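S.K.:
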Amino acid sequence: MQTDPRRDLAACIRMLEANKILDYNGHCSVRHSDSAFYVNIGKATRATARPEDICLVTFEGEVISGNGTPPLEFHLHAGIYKARKDVNAVIHAHSKWSTYLTMARQDYLPVFAQGSLLYPMPILDTPNSINTKGMGDQLAQVLRERPACLLKSHGAVVVGSTLTEAFALVNYLEENAERQYHAQMIGTPYQFSAEERALSQQKLWSPGLFQRTWDHFAAKLQSIN
Ligand SMILES: [Zn+2]
27 MQTDPRRDLA ACIRMLEANK ILDYNGHCSV RHSDSAFYVN IGKATRATAR
77 PEDICLVTFE GEVISGNGTP PLEFHLHAGI YKARKDVNAV IHAHSKWSTY
127 LTMARQDYLP VFAQGSLLYP MPILDTPNSI NTKGMGDQLA QVLRERPACL
177 LKSHGAVVVG STLTEAFALV NYLEENAERQ YHAQMIGTPY QFSAEERALS
227 QQKLWSPGLF QRTWDHFAAK LQSIN
């Protein structure tokens, strides 16, 4: 991780796009203060995100610095930062595997160790964009103290105390959803018990593993560039 939040955000976006988690409309943010956050510019190309594609905006969406405006769904970030003082990074992706589950009205199940960190998974029961203050507040109420929630037939929201943590968690969420999807094609997936989930939480909720996850995808991205 670099120390410039704009550089970290750009790297995060490129990695998530390369891993097919973020599409051309996804957005990621890092908290700047109690009233502002860094987020990618709405019109910027995700696949080639650079530090200059990041803007600094207030919770009301007013641009403080940067060469463009935030995505229309900036309310998603503002609503969570207002409600959650422990959150310093937010990722919103129109991710496929986890969204398939909500489309088919299937609950997210803890089917592998890292994925169990995100269980239980709340769901916002509407596919509408989080493009108003009211929707942002509603999302924060559904998320409550959890690290992630799914938006029905829309996507996923993952938060973290750091960007590295949120990045690792959104990867775990999608991998769990993909594994669950395939397991359900051939039978009834095994679900981790409460005891197994607690063990995973204890062993795997670790800044070291989150960093290793980041480094893994950073190295992959470097190797193809
Ligand atoms: Zn969205």
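Residue numbers (my numbering): 27 to 251. Where is the CB? At the ideal position from N, CA and C, for every residue including glycine. Note that the structure is predicted; figures quoted are calculated from it, not measured.
If you draw a straight line from the alpha carbon of Leu150 to that of Arg131, how long is it in whole angstroms?
M.R.: 12 Å
S.K.: How should Pro136 be labelled, buried or exposed, when 16 other C-beta atoms within 10 angstroms of its C-beta is the threshold for buried?
M.R.: buried
S.K.: Determine, using beta carbons only, whether Leu176 and Met147 come nearer to each other than 8 Å.
M.R.: yes
S.K.: Using the DSSP secondary-structure output, state which residues sit across from Leu177 in a beta bridge.
M.R.: Answer is Leu150 and Gly181.
S.K.: Express the C-alpha separation of Met161 and Arg223 in angstroms, rounding to a whole number.
M.R.: 31 Å
S.K.: Does the structure place the region 104 to 119 close enough to the region 155 to 173 that three or more beta carbon pairs sit under 8 Å?
M.R.: yes
S.K.: Across which residues does DSSP place Val83 in a beta bridge pair?
M.R.: Phe63 and Val89
S.K.: At the 8 Å Cβ level, is Lys229 part of the contact set with chain D, yes or no?
M.R.: Structure shown: chain D not included; a single protein chain is present.
S.K.: I'd like to confirm something about Gly141: is its beta-carbon nearer than 7 Å to some heavy atom of ligand 1, or not?
M.R.: no
S.K.: Can you tell me where the alpha helix (DSSP H) with Ser155 in it begins and where it stops?
M.R.: From DSSP, Ser155 is part of no alpha helix (DSSP H); its letter is neither H nor E.
S.K.: So Ser142 is in the beta strand (DSSP E); what residue range does that whole segment cover?
M.R.: Counting along the chain, Ser142 falls outside any beta strand (DSSP E), and DSSP gives it neither H nor E.
S.K.: So what does DSSP say about Gly186, is it helix, strand or coil?
M.R.: strand
S.K.: Between the beta-carbon of Ala36 and the beta-carbon of Val116, is there less than 8 Å?
M.R.: No, the Cβ-Cβ distance between Ala36 and Val116 is not below 8 Å.
S.K.: Go to Ile117, then tell me how far its beta strand (DSSP E) extends in each direction, as first and last residue.
M.R.: Ala115 to Ala119 is the span of the beta strand (DSSP E), which, as asked, contains Ile117.
S.K.: Using three-state DSSP, classify Arg32 as helix, strand or coil.
M.R.: helix
S.K.: Looking at the structure shown, is His242 part of a helix, part of a strand, or coil, going by DSSP?
M.R.: helix
S.K.: Does DSSP put His101 in a helix, a strand or coil?
M.R.: helix
S.K.: By the DSSP assignment, the beta strand (DSSP E) with Arg110 in it spans what residues?
M.R.: First-last for Arg110: undefined, no H or E at that position.
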